[in-house]
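Have a look at the structure below before the remarks.
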Amino acid sequence: MARLQPVRGTHDILGEMSLRFRTIFEIFRSVAERYSHEQIDTPIFEFTETFKKTLGDTSDVVTKEMYTFEDRGGEQVTLRPEFTAGIARAFISNCLQQSTPCKFYSFGPTFRYERPQKGRMRQFHQMDIEIIGVAEAQADIEVLAIAQDLLNELGIAKHVTLELNSLGDRESRMNYRAALVQYFSQHRDKLSKDSLTRLEKNPMRILDSKDEGDHLLIEKAPRISEYYNDTSKVFFSEVREGLEGLGIDYHIKDRLVRGLDYYCHTAFEFTTDQLGAQGTVLAGGRYDGLVEMMGGPRTPGVGWASGMERMAELITYDIIKKQVRLVAIVPVGDKSHTTAMKIAHDLRKAGIVVDMAYKGNVGKRMKRANKQNARFAILIGEDEIVRSVAMVKNLDKGSQEEISLLKLVDYLKENKL
RNA sequence: GCGGGUGUAGCUCAGUUGGUUAGAGCGCCAGAUUGUGAUUCUGGAAGUCGCCGGUUCAAUCCCGGUCACUCGCCCCA
Numbered sequence: 036m037a038r039l040q041p042v043r044g045t046h047d048i049l050g051e052m053s054l055r056f057r058t059i060f061e062i063f064r065s066v067a068e069r070y071s072h073e074q075i076d077t078p079i080f081e082f083t084e085t086f087k088k089t090l091g092d093t094s095d096v097v098t099k100e101m102y103t104f105e106d107r108g109g110e111q112v113t114l115r116p117e118f119t120a121g122i123a124r125a126f127i128s129n130c131l132q133q134s135t136p137c138k139f140y141s142f143g144p145t146f147r148y149e150r151p152q153k154g155r156m157r158q159f160h161q162m163d164i165e166i167i168g169v170a171e172a173q174a175d176i177e178v179l180a181i182a183q184d185l186l187n188e189l190g191i192a193k194h195v196t197l198e199l200n201s202l203g204d205r206e207s208r209m210n211y212r213a214a215l216v217q218y219f220s221q222h223r224d225k226l227s228k229d230s231l232t233r234l235e236k237n238p239m240r241i242l243d244s245k246d247e248g249d250h251l252l253i254e255k256a257p258r259i260s261e262y263y264n265d266t267s268k269v270f271f272s273e274v275r276e277g278l279e280g281l282g283i284d285y286h287i288k289d290r291l292v293r294g295l296d297y298y299c300h301t302a303f304e305f306t307t308d309q310l311g312a313q314g315t316v317l318a319g320g321r322y323d324g325l326v327e328m329m330g331g332p333r334t335p336g337v338g339w340a341s342g343m344e345r346m347a348e349l350i351t352y353d354i355i356k357k358q359v360r361l362v363a364i365v366p367v368g369d370k371s372h373t374t375a376m377k378i379a380h381d382l383r384k385a386g387i388v389v390d391m392a393y394k395g396n397v398g399k400r401m402k403r404a405n406k407q408n409a410r411f412a413i414l415i416g417e418d419e420i421v422r423s424v425a426m427v428k429n430l431d432k433g434s435q436e437e438i439s440l441l442k443l444v445d446y447l448k449e450n451k452l
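Take 36 as the starting number for the first sequence in the numbering used here and just add one per residue.
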């Protein structure tokens, strides 16, 4: 059969996957709102400049991963490859510096033109948390607490570990970066090909290299902790103490880095070994330079993003929010249709989930009810109509009894729909 | 963007050392059972063997290209 395929790297979300998404989002929303975060929805596309300015002209995301096009008015626009830039733009556009701290959560599709693999699509969905306007480490701690609560409630915390690092403030990071460049430049001949490119473009990323040969060099490379100035040290220890106070476990991974210039201090990733090469389930950090870089007032910020598809792979079936079990209305004989419809309508108005098939004899309709995992089938024939009753069959038990139409709603509710 | 693997029914997969009608299980549809489902039994539909081209008397099978998926790299959620 000739297939109509969706665009490469995009997927339809339906059936069980849709249930998984909904479960994840509802838990996310519930956790975020408990921390008094408010929802913000920014457009899924922005002027290309918004992303270029913040992500940098040389980053991979900008150079090869953006979905960019010219609209009919001649504007260069880009489908968002991440949330933070759009939210920071919205912060500036809406003059929200007047109402800091801004605690946001957001959710939606995100686009990167990449080669698809497991856990990596061209259109994927992220959940996002940001606190803008707070320079204190409490914000970092709180944002991590949200993440931890989310993972706990999704039942996947046991498969995930928090890797934590500090990049230090700007001064510390610049000094460290210089030291790294100097060190690796002395060992150019031993570096992998990829790492030679990184040395030019993004030297700190060498620390994350998967190349065996690089590992030996990385072992002896300068450590970022040796370059923290006093403010950086204090800030990092505040974050760590805060996490310990809340009982949030973490592992310091001093090779965890961020390439982009606006990142500072806290950087973290929740990773799992259950998703192949794409082990990062949730990641973020502090970005004190971002809003200013976009042309807004100097404003600190911290946040994270999490990939829903990756989460959806990890959650187990028992946590998935099941669809409410429905009641199937089964008219018996053509003359019962109108009354059956009316009963279905009344039950729906009472908040009960009802399905009535469009055709078929009783046997077919019962089969359908069973396939839909209905809890009750309600048979309504002329006989019942005359006596104002319904034959209610419990499909789990196989038993059935006549219930007065007047008591039907109460009966169904009592029997836990 | 780079390298490897895979592509047969809605799903999971057999199969053909190139040969005439391509199979199974599950699912789906129908009947046994026109006022009672999940079990059972019987029957049925469903495939241009991913697509295009090449080699051949003959290609689902061999070769090339292409598309999609997949594993890894780059990078990232």
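Just so you know, even glycine gets a beta-carbon here, dropped at the ideal spot from N, CA and C.
Backbone CA spacing between residue 36 and residue 308 [nearest angstrom]: Bear in mind that the predicted position of residue 36 carries a pLDDT of just 35, short of 50, making it too unreliable to give a figure here.
As assigned by DSSP and simplified to three states, the class of residue 392: In the structure shown, residue 392 adopts coil according to DSSP, grouped into three states.
Three CB pairs or more closer than 8 Å across the region 210-225 and the region 303-319: Contact between the region 210-225 and the region 303-319 is absent, with fewer than three C-beta pairs closer than 8 Å.
Cutoff 8 Å; reference residue 56; Cβ partners in own chain excluding five residues on either side: The beta carbon of residue 56 lies closer than 8 Å to those of 48, 160, 343 and 347 in the same chain, with the five residues before and after it left out.
Nearest-angstrom Cα separation, counted from residue 146 out to residue 117: Taking the CA atoms as reference points, residue 117 sits about 8 Å from residue 146.
Under the three-state DSSP convention, the category residue 450 falls into: coil
N- and C-terminal bounds of the beta strand (DSSP E) containing residue 197: 195-201
Collapsed DSSP secondary structure at residue 327 in the structure displayed: helix
Sequence-distant residues of its chain with Cβ nearer than 6 Å to residue 375 (five each side left out): The beta carbon of residue 375 is closer than 6 Å to those of 364, 366 and 415 in its chain, skipping five residues each way along the sequence.
Residue span of the beta strand (DSSP E) that contains residue 437, given as start and end: 435-439
Selected residue, minimal CA-CA separation from residue 185, among 99, 59, 378 and 228: 59
Per-residue burial, residue 428 [other beta carbons within 10 Å of its own, 16 or more giving buried]: buried
Burial state of residue 434, where buried means 16 or more other Cβ atoms lie within 10 Å: exposed
Residue interval of the alpha helix (DSSP H) (run including residue 420): 417-422
Counterpart residues of residue 104 in DSSP-defined beta bridges: Answer is 112, bridged to residue 104.
Proximity winner among 340, 219, 123 and 425, relative to residue 413 (alpha-carbon distances): 425
Where residue 414 sits in the DSSP three-state scheme: The answer is strand: DSSP assigns residue 414 an E or B state.
Residue burial classification, residue 109 (beta-carbon count within 10 angstroms, cutoff 16): exposed
Residue 88 - containing alpha helix (DSSP H), residue span: 83-90
Cβ-Cβ separation, residue 121 to residue 77 (assumed contact under 8 Å), whole Å: 4 Å
DSSP state of residue 206 mapped onto helix, strand, coil: helix
Among 327, 389 and 390, nearest to residue 124 - alpha-carbon criterion: 327
Cα-Cα separation, residue 115 to residue 100: Looking at the backbone, the Cα of residue 115 and that of residue 100 are separated by about 10 Å.
Under 8 Å between C-beta atoms of residue 302 and residue 291: yes
Residue 26 to residue 255 span [Cα, whole Å]: Residue 26 falls outside the range modelled here, since the chain spans only 36 to 452, and no answer is possible.
Exposure label - residue 130; buried when at least 16 CB within 10 Å: exposed
Unbroken beta strand (DSSP E) run spanning residue 163, endpoints: Per DSSP, residue 163 belongs to the beta strand (DSSP E) from 158-167.
Coarse secondary structure for residue 277, derived from DSSP in three states: helix
Terminal residues of the beta strand (DSSP E) in which residue 317 lies: 315-321
Strand pairing of residue 286, partner residues [DSSP]: 198
C-alpha distance - residue 249 paired with residue 199, whole-angstrom precision: 22 Å
Sequence-distant residues of its chain with Cβ nearer than 6 Å to residue 432 (five each side left out): Its chain contains no residue whose beta carbon lies nearer than 6 Å to that of residue 432 once the 5 sequence neighbours on both sides are disregarded.
For residue 515: DSSP bridge partner residues: Past the boundaries of the shown model lies residue 515; the chain is included only from 36 to 452, so the question cannot be answered.
Nonlocal neighbours in the same chain, by C-beta distance under 7 Å from residue 370, ignoring five residues either side: 417
Cα-Cα separation, residue 408 to residue 360: One Cα belongs to residue 408, the other to residue 360, and the distance between them is close to 7 Å.
Boundaries (first-last residue) of the alpha helix (DSSP H) holding residue 50: 50-69
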